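With our numbering, letter number 280 in the sequence shown gets 1020, and the count goes up by one each step, no holes.
Just below is one structure, and these are the notes that go with it.
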Amino acid sequence: MIIVTGGAGFIGSAVVAALNEHGRDDIVIVDDVTHDEQEHNISHLQYDQMIGIADFREQLLAGEFDNQNVETIIHMGACSSTTETNWEYLEDNNVEYSKDIIRWCQSHNVRCIYASSAATYGSGEHGYSDDEKLFDQLVPLNLYGKSKLLVDIWARDGRFLDKTVGLRFFNVFGPNEWHKEAMMSVIAKKYPDVAVGKEMTLFKSYEGNYKDGEQKRDFIYIQDAVRAVLFFLDHPDIGGVYNVGTGTARSWLDVARAMFSAVGTAENIIFIDMPDHIKNQYQYFTQADTKKLVGAGFDTTENYVLEDAIREYVQEYLAPHRHIGEAVL
């Protein structure tokens, strides 16, 4: 049995779809479905059962999974809002919940793959290396990043990383993210406007080293993020914390131009003021250091090129509003 927490969410549901493609349906999805799009993410997928988050956590700690032949827990469930300000909530939902799962897996000799985040790197003043000796130097710009970093440090210091893998996802985008609403990628947010020829808005830059639209991120397509999850599922001997990105930073202008190209409309890009509440949390540059990932055996040369990924996302998923694994009508 494979347990996927956050299995009705963005990366989680894409993982379930990929497991189905590999012939696995002995899957337990752990999630609270609070949005119609979450239901659509999994309505066509094959799995044994779904359990609510609170019930699963209670059952796990009560020993109800101790003798159920659990092979792996893929822990993708978390609050992913970079603007969340309730630390007590994040501490319980992102930090303590993750610790509960990792401890249980360690004590029951079960593989654990959990989601960390590039938000742990903050403004990048200490680089983007996933070397575990450097974790204590990092200063996240928001509480979400703090919650992810605390788990990484705890797992390292507790010597849990022999059987456990933490994946620091960079800017993941792609189908099945509609339920994230404000936290959707810019591609999903701006598609309705771009599709009908309206202007696409991007934030102005307030950092002198970056012109408007030239702020850069490491954008990784959902299919490649999931491929990394399955790589570590297939290599249970590998542990540690790994960056999951392309290793190449691309600008927001690159993203915008690729969207207009995919839709087939003329470019129409304007720059707007950045809201005050995110100015101090804004990452102007991210780029995954993928040496450790490549050294583990993952082939980053198979990653989608940004323009190809956006074209596929727009034409095969956003335009028909199709979910991963859903049949083409």
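C-beta atoms are modelled at their ideal positions from N, C-alpha and C, and glycine is treated no differently.
All of these numbers come straight from a predicted model, not from anything done at the bench.
Is it a yes or a no for the region 817-832 touching the region 917-934, going by three-plus beta-carbon pairs under 8 Å?
yes
In whole angstroms, give me the CA-to-CA distance for ALA1002 and ASP1048.
9 Å
DSSP-derived helix/strand/coil call for GLN1055
helix
Would DSSP call LEU890 helix, strand or coil?
helix
Bounding residues of the beta strand (DSSP E) (the contiguous stretch that carries GLN789)
789-791
With distances taken between CB atoms, is the gap from ARG1026 to ARG957 smaller than 8 Å?
According to the sequence displayed, residue 1026 carries Thr and not Arg. Cβ distance < 8 Å, so THR1026 and ARG957 count as in contact.
Taking the Cβ atom as the reference point for each residue, do GLY749 and GLN786 lie within a distance shorter than 8 Å?
no
Per DSSP, which residues does LEU993 bridge with? Please list them.
Bridge partners of LEU993: none, in fact.
DSSP state of THR1040 mapped onto helix, strand, coil
helix
Closest Cα partner of HIS848 within the set GLU836, ALA855, GLU804 and VAL770:
GLU804
Using the Cα positions of LEU1046 and GLU954, report the straight-line distance between them to the nearest angstrom.
15 Å
Which residues mark the beginning and the end of the beta strand (DSSP E) in which GLY749 is found?
Careful: GLY749 lies outside any beta strand (DSSP E) and carries neither H nor E.
Give me the residue from ASP1039, LEU970, MET1014 and ARG1062 with the minimum Cα distance to THR986.
ASP1039
How far does the beta strand (DSSP E) with CYS852 in it reach, from first residue to last?
851-857
Indicate whether ILE751 and VAL966 have their beta-carbon atoms separated by less than 8 Å.
yes
Where do the N-terminal and C-terminal ends of the beta strand (DSSP E) with PHE913 fall, by residue?
911-913
Any contact of the region 930-947 with the region 861-868, i.e. 3+ C-beta pairs under 8 Å?
no
With a threshold of 16 other CB atoms inside 10 Å of the CB of PRO1015, please say whether the residue is buried or exposed.
exposed
Quick one: what does DSSP say VAL1003 is sitting in, helix, strand or coil?
helix
Would you kindly report the start and end of the unbroken beta strand (DSSP E) that includes VAL744?
742-745
How should SER783 be labelled, buried or exposed, when 16 other C-beta atoms within 10 angstroms of its C-beta is the threshold for buried?
exposed
Compare the Cα-Cα distances from GLY1035 to each of ASP952, LYS951 and PHE971 and report the closest residue.
PHE971
Start and end residues, alpha helix (DSSP H) containing VAL879:
Per DSSP, VAL879 belongs to no alpha helix (DSSP H) and is neither H nor E.
Quick one: is GLU1056 buried, meaning 16 or more other Cβ sit within 10 Å of its Cβ, or exposed?
exposed
Going by DSSP, which residues form a beta bridge with MET940?
ILE1009
Confirm, please, whether the CB-CB distance from PHE959 to PHE1011 is below 8 Å.
no
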